[in-house]
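Counted from 1, the sequence shown has number 314 at position 314 by full-length UniProt numbering; the numbering is strictly sequential.
Idealized CB from N, CA, C, for every residue including glycine.
Only one structure is covered here, and it is reproduced in the block below.
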Amino acid sequence: MSSHSPPRLLVDRHDPLTVRLLPGDPVLDLSPQGVPMASLVVAGTSASVQISAHWWPDRDETAVLLAQAAEELKVAPGELIVAIGGVKVHGVTLNARDDGGAETELAESASSGAPPYTTLMTAPVEPALVPLVEEALSGSPGKLFVRFDATLETERVQRELDVGQALSAAPSAERHTFAVSAPAKPPESVPPPPEAALPLRVTAPVGDPPVRRLDLSGTDEAGTPWTVSVTAPDTAPVRLPAGGSLRFTVHGDDGSSYERTGTPDASGWVVDDRALGVVTVTCEAPGRDAGAAVAIEVWYQPAGDGLPDHRSLTLTAPAWSASWRVASGRDDLDGELVVDVSETDGSGATVPKRTVRSTTPHVRI
């Protein structure tokens, strides 16, 4: 497959101070504890692998490229405007390769669609391929690959991540393969010990804006850290290790993220919008004539670590309202909504444009 491909900056011929950033090779995502997010879970004759990767240069790589471009253009790095280059990801696959070079596609997925072009793939592993995947997750190169099929500017390319190569420098104590066995059934006269796991219920619509991906992390009874990634409610595990708290890392479409902490209730771990700091915003314009039209452009800026939001909507009869979710990272809106209103009345006359500001999630125009 392709050799190493470093990230690049392209200078815009029409505006030399604008440079377009293009990615190099994909890399594994890291958990909040800094552990590469690649795991194999084996339970009897069943096994599944989960890999999370992204395709975008990190801050240090980008800084080096900017310094080189600034030196070439004889300007200060701060004068350069960084834009996203022409990147279109057509698909991402996870492939296992045997010693003879034959490949088996384990999973296919889309990327996040915007930098850092994150993909999370979970797939069952046939028993015959389990040893191969185990070797890759133990640091053996040439056996497991994440492959991005994309167009960079006008060139169709394939960029791949060798998972084993990426894990070859991992500390020897770092585990990526986990064996799960069914506990022995206790005698009828002896009550079973309490489970060291709690049920998990995800009711928040993870995968829909503003939450692109959710990482759940904590430590088990032995103090070993663990992380589980969720891209949709049905991808969440049924149970999680018991503990005093659970850390939520909420990822947005643009690659930004924030953290929240939750505690279990009587039913176990519950992940809903409130736990994630996600608030529903409602904008309404009652009392309009049936022939009126109300167009709004809304910006949300959180006061803390939440995720900014921008959208354009049209309010129509009979409801004259719209609702959507924003990630404030808090229990309330904790930020400001700025609403630009463009309106025509029932006779078709244009109403003067105006701006409405609100620090509550219910906006009335």
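Residue i: buried (16+ other C-beta within 10 angstroms of its C-beta) or exposed?
i	result
Ala275	buried
Pro302	buried
Arg147	buried
Lys143	buried
Arg156	exposed
Arg325	buried
His54	buried
Ser347	exposed
Arg364	exposed
His90	exposed
Ser39	buried
Arg260	buried
Arg354	exposed
Arg13	exposed
Figure out for me which residue from the options has the closest Cα to the Cα of residue i.
i	options	result
Gly78	Thr62, Gly85, Ser245 and Arg357	Thr62
Pro356	Gly291, Glu284, Thr316 and Gly306	Checking the sequence shown, residue 356 turns out to be Val, not Pro. Selected option, being the one with the closest Cα: Glu284.
Leu28	Ile51, Leu214, Ala83 and Glu103	Ile51
Leu9	Pro57, Ser267, Arg156 and Ser39	Pro57
Ala319	Gly101, Thr282 and Val42	Thr282
Glu72	Ala53, Trp55, Pro16 and Ala110	Pro16
Leu167	Pro209, Ala290, Leu132 and Gly139	Gly139
Val19	Ser48, Ala67 and Ser31	Ala67
Val339	His362, Gly348 and Ala317	His362
Pro127	Glu259, Ala110, Asp273 and Thr45	Thr45
Ser256	Asp305, Pro36 and Val42	Asp305
Leu80	Leu21, Ser323, Leu137 and Thr93	Leu21
Pro209	Leu240, Pro308 and Val11	Pro308
Arg311	Glu297, Ala317, Ser321 and Gly223	Glu297
Ala349	Arg288, Gln165, Asn95 and Val230	Arg288
Gly277	Tyr258, Leu313 and Ala102	Tyr258
Val82	Ala69, Val92, Asp331 and Thr93	Ala69
Ser267	Ala197, Val133, Ser48 and Thr93	Ala197
Check the DSSP bridge columns for residue i and list the partner residues they point to.
i	result
Ala342	A small correction: the amino acid at residue 342 is Ser; Ala does not occupy that position in the sequence shown. Answer is Ala295, bridged to Ser342.
Pro199	Arg239
Ile365	None, per the DSSP bridge assignment.
Leu106	Partner(s): none; Leu106 has no beta bridge.
Pro131	According to DSSP, which records beta bridges pairwise, Pro131 is partnered with nothing at all.
Pro36	Leu30
Arg159	Phe148
Ser48	Val41 and Pro124
Leu216	Val228 and Phe248
Gly335	Pro302
Val279	Val326
Gly268	Asp265
Spatial neighbours of residue i within its chain, please: C-beta separation below 7 Å, excluding the five flanking residues on both sides.
i	result
Ala182	Low per-residue confidence applies at Ala182: pLDDT is 45, beneath 50, and the placement is therefore not dependable, though the value from the model is reported in the following sentence. Result list for Ala182: empty, nothing under 7 Å.
Ser114	The sequence shown places Ala at residue 114, not Ser. Result list for Ala114: Asp253 and Asp254, in chain order.
Ala170	Pro36 and Gly139
Leu333	Val279, Thr359, Thr360 and Pro361
Ser328	Gly277, Val279, Pro302, Gly306, Asp334 and Gly335
Considering only residues of the same chain and omitting the five flanking positions on each side of residue i, which have a CB-CB separation below 6 Å?
i	result
Val202	Pro233, Ala236 and Val271
Glu343	Val294 and Val351
Gly86	Glu153
residue 366	Since the first residue shown for the chain is 1 and the last is 365, residue 366 is missing from the structure and cannot be characterised.
Gly291	Gly346
Pro241	Ala197 and Asp220
Please tell me whether residue i has its Cβ less than 9 Å away from any Cβ of chain B.
i	result
Leu30	Looking for chain B here will not work: only one protein chain is present.
Can you find the residues in the same chain that come closer than 8 Å, C-beta to C-beta, to residue i, ignoring five residues on each side of it along the sequence?
i	result
Glu336	Tyr300, Gln301, Ala303, Arg357, Ser358 and Thr359
Gln33	Ser217, Pro225 and Thr227
Lys88	Ala150 and Thr151
Val238	Pro199 and Leu200
Using a Cβ distance threshold of 8 Å, determine whether the region 157-175 contacts the region 240-250, with at least three qualifying pairs required.
Touching, no, given that fewer than three Cβ pairs across the two stretches are closer than 8 Å.
Any contact between the region 14-25 and the region 151-171? By contact I mean 3 or more CB pairs, one from each, below 8 Å.
Between the region 14-25 and the region 151-171 there are three or more inter-stretch CB-CB distances shorter than 8 Å, so the stretches are counted as touching.
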